[in-house]
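For the sequence shown, counting from 1, position 99 maps to 99 in the UniProt record's numbering; every step adds exactly one.
Note that CB positions come from ideal geometry on N, CA and C, so glycine has one too.
Every value quoted in this text rests on a predicted model; they were computed, and no experiment measured them.
Working notes, beginning with the structure itself.
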Amino acid sequence: MSDSQAGGTQVIYDGRILRLELQEGKWEVIRHAAAVSILALNDAGEMLLVRQLRRAVNAHTVEAPAGLIDEGETPEQAARRELQEEAGLDAEMTLLTQFYSSPGFCDELLYVFAARNLRDSRLPMDDDEEIEVLWMRPQAVLDGLQGGTLVGSAATITAALFGVQLLAAGAEQ
Numbered sequence: 001m002s003d004s005q006a007g008g009t010q011v012i013y014d015g016r017i018l019r020l021e022l023q024e025g026k027w028e029v030i031r032h033a034a035a036v037s038i039l040a041l042n043d044a045g046e047m048l049l050v051r052q053l054r055r056a057v058n059a060h061t062v063e064a065p066a067g068l069i070d071e072g073e074t075p076e077q078a079a080r081r082e083l084q085e086e087a088g089l090d091a092e093m094t095l096l097t098q099f100y101s102s103p104g105f106c107d108e109l110l111y112v113f114a115a116r117n118l119r120d121s122r123l124p125m126d127d128d129e130e131i132e133v134l135w136m137r138p139q140a141v142l143d144g145l146q147g148g149t150l151v152g153s154a155a156t157i158t159a160a161l162f163g164v165q166l167l168a169a170g171a172e173q
C-alpha cells in the first residue's frame, strides 16, 4: 500500500507484518497479521517454553512457542509449523481460545492451542531466530512472571493459566 487517504484513513506505514493507519486524523491503528501460541505439556506436566531475544522490548523473554499465520495457512497448520520450527515437535492441536492481543490500537488476533501427544518432528528455524527450549511447570511460569524473574507475554500468561487448569482437571480424574 502507498501513503494514501481513502475513506478517512491514511496509511502511514505498510510493512511485512504490520500496517499503521491514521483514522479520521486522530486514531492510530495497527493492522497486524494473525498469530498462534502453543501450550505444549509433556508427560511430566511441564510446559514447553522458548527463551529468545525480542528486539521490541530489548530483552530475552520466556514464552510459549508462537508465530504468525502465513498466508493460505489455517491457525492449526501455523501452530503445528511453529512447534516444529521452534522445538522440533509435532502434536495433535486443540484450540483453547482466541483473543485480540491489544484491541485498543491493534487488530492482531491470537489463537492459543493445546498440543497433545508430542512427538519429534523438526523443521528449520527462521533465519532470524535463536531459541533456547525450556520446560517448566505452568504454575512456576506464572510465579516467575508475577515475581519478575521471567519476562513473558499475554499469550504466555494465557497458555500457563490454561496449563494449570488442564493439569488440575487431569488430577481430578
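The ligand ADP heavy atom lying under 7 Å from the CB of residue i
| i | result |
| --- | --- |
| residue 73 | Among the components of this structure there are no ligands whatsoever, and the ligand ADP is therefore not found. |
Where residue i falls: helix, strand or coil (DSSP)
| i | result |
| --- | --- |
| residue 2 | Confidence at residue 2 is low in this model, with a pLDDT of 42, below 50, so the placement of that residue should be treated as unreliable; the coordinate-derived value is given next. Residue 2 falls in the coil class under three-state DSSP. |
| residue 44 | coil |
| residue 33 | coil |
| residue 148 | coil |
| residue 123 | coil |
| residue 167 | helix |
| residue 159 | helix |
According to DSSP, residues forming a beta bridge with residue i
| i | result |
| --- | --- |
| residue 23 | 9 and 27 |
| residue 51 | 62 and 132 |
| residue 14 | 19 |
| residue 38 | 113 |
Proximity below 8 Å, CB of residue i to CB of residue j
| i | j | result |
| --- | --- | --- |
| residue 118 | residue 40 | yes |
| residue 62 | residue 152 | yes |
| residue 120 | residue 88 | yes |
| residue 47 | residue 170 | no |
| residue 69 | residue 35 | yes |
| residue 105 | residue 24 | no |
| residue 96 | residue 114 | yes |
| residue 38 | residue 64 | yes |
| residue 66 | residue 155 | yes |
| residue 176 | residue 112 | Lying before the first or after the last residue shown, residue 176 is absent from the chain, which here runs from 1 to 173. |
| residue 22 | residue 30 | no |
| residue 52 | residue 130 | yes |
| residue 94 | residue 122 | no |
| residue 85 | residue 124 | yes |
| residue 99 | residue 83 | no |
Practice prompt. Write down every uninterrupted run of the alpha helix (DSSP H) in the segment 53–121 whose length is 4 residues or greater and which is fully enclosed by it, in chain order.
Written response: 75–87
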